[in-house]
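Numbering-wise, the numbering used here puts 1285 at position 306 of the sequence shown, and it's gapless, one number per residue. Using N, Cα and C, we set each Cβ at its ideal position, and we do this for glycine too. These figures come from a predicted structure and were not determined experimentally.
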Amino acid sequence: MKVLERISSFVGNTFAIWVVLFAVLSFLLPSGFTWLAAYITPLLGIIMFGMGLTLSAKDFKEAFKRPKDVAIGVAGQFLIMPLLAFALVTILPVSKEIAVGVILVGCCPGGTSSNVMTFLSKGDTALSVSITAVSTVLAPILTPALIYLLASQWLEVSAGALFVSIVQIVLVPILLGLLVKALLKDKVEAGVKAIPLVSVIGIVAIVTAVVSVNVEQIAKTGLLIFLIVVLHNTLGYVVGLGLGKVMKMGPKQQKAVSIEVGMQNSGLGATLAAAHFNPLSAVPSAIFSVWHNISGPIIATIYRKLQEKEENR
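Structure below.
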């Protein structure tokens, strides 16, 4: 088990490398990876089950202890990123499939990567975990509603079908994970240490599948999509930090909100896009998954260095 734990830790710490490596491989050799497309939905379900195993009642209790801080983070998540996405695809010349894909990833809740980056930045990790937990639970209602509101001018959007999908592939697996953890308690702890490995394999497989079935479109529009994703993610960090400052939050809380707003559950975005829209609509989520695993450590390092500089004054 210790060997598995070490492998899991190593793979988790080198997440960005594996995502980039397999994204490039699937672009160069797509025929070897297209079969993964059929497993995108169950893969995300497994990832969400693992997330449920890592959560606990205290993560939700934190929301009641600090409702204002959590509400600011959740509101920022579901307002800033969707509106930034809408603004970017309205201003920049993109196809309707890409426009919907960018909006879709913008309307997703935060992912667990944001919790790790908040920890590395010396931010308020407990707040970050609570915001992720609450935004994920609210996602079945808010994500379909926002996608319908912002993206229906480009493609037909069924909010009801999106709601059912998010309940099935996000909420149910997380609740099952919480239930298993509550029933088995300490027996689950050994398995929890392997979750980073499972999550990395799952996300890498989803990104690889999306890239492999969209090679031609990525070759034509990949640079523009990458530019939009980088702008979206970077503006999310900046505006999220600004929101924390305007709401007079402490420095650690500002960092948590900034990272929570900037980082999305791109796996969910890719899964919903593949299931409900054109396969091309999943590409922004796939590229976001690659990029935010590069930008996350960068922003965490910047925030940590700034804090250390302040402490040494």
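Close-in-space but distant-in-sequence residues of the same chain around residue i (CB under 6 Å, 5 per side omitted)
i	result
S1074	none
P1119	F1142, I1145, V1146 and L1150
T1200	none
S1109	D1038, E1041, A1042 and V1049
M1096	I1238, G1275 and A1279
Q1286	K1101
A1078	V1068 and W1133
K1044	none
M1226	I1051
N1272	F994, A995 and V998
V1136	I1126, Y1127 and A1130
T1013	S1191 and V1192
S1260	E1076, V1079, G1080 and A1252
Range of the contiguous alpha helix (DSSP H) that encloses residue i
i	result
T1020	I1019 to T1033
G1246	S1245 to H1255
N1193	Taken as a continuous stretch (DSSP letters only), N1193 belongs to no alpha helix (DSSP H), as it is neither H nor E.
D1048	P1046 to I1070
V1079	K1075 to G1085
Secondary structure of residue i, DSSP reduced to three states
i	result
S1264	helix
E1135	coil
F994	helix
G1229	coil
F1142	helix
V1151	helix
P1258	helix
T1091	coil
G1102	coil
F1043	helix
L1162	helix
F1012	coil
M1096	helix
Any C-beta of chain D under 8 Å from that of residue i
i	result
L1125	In summary, chain D is missing from the structure at hand, where a single protein chain is found.
Cutoff 7 Å; reference residue i; Cβ partners in own chain excluding five residues on either side
i	result
D1048	L1106, M1228 and Q1232
F1304	Outside the displayed span of the chain (980 to 1292) sits residue 1304, for which this structure offers no information.
I1197	F1006, V1190 and V1262
N1244	C1087, P1088, G1089 and G1090
L1157	G1031 and L1034
L1214	L1063
V1194	F1006 and P1009
L1251	L1083, L1141 and S1144
L1022	G1181, A1184 and I1185
V1208	P1263, I1266, F1267 and W1270
I1204	I1077, V1262, P1263 and I1266
Sequence-distant residues of the same chain with beta carbon closer than 8 Å to residue i, five excluded per side
i	result
Y1018	A1184 and A1188
L1117	V1053, F1057 and P1088
S1092	F994, M1242, H1271, N1272 and G1275
I1148	T1020, L1023, G1024, M1027, L1247 and T1250
Do the segment 1096 to 1106 and the segment 1280 to 1287 make contact, defined as three or more Cβ pairs closer than 8 Å? yes
Is there contact between the segment 1141 to 1155 and the segment 1001 to 1017, where contact requires at least three CB pairs shorter than 8 Å? no
Mind the definition here: the segment 1066 to 1080 touches the segment 1237 to 1245 only if three or more C-beta pairs lie below 8 Å; say whether that holds. no
Three or more C-beta pairs under 8 Å: does that hold for the segment 1020 to 1033 against the segment 1172 to 1181? yes
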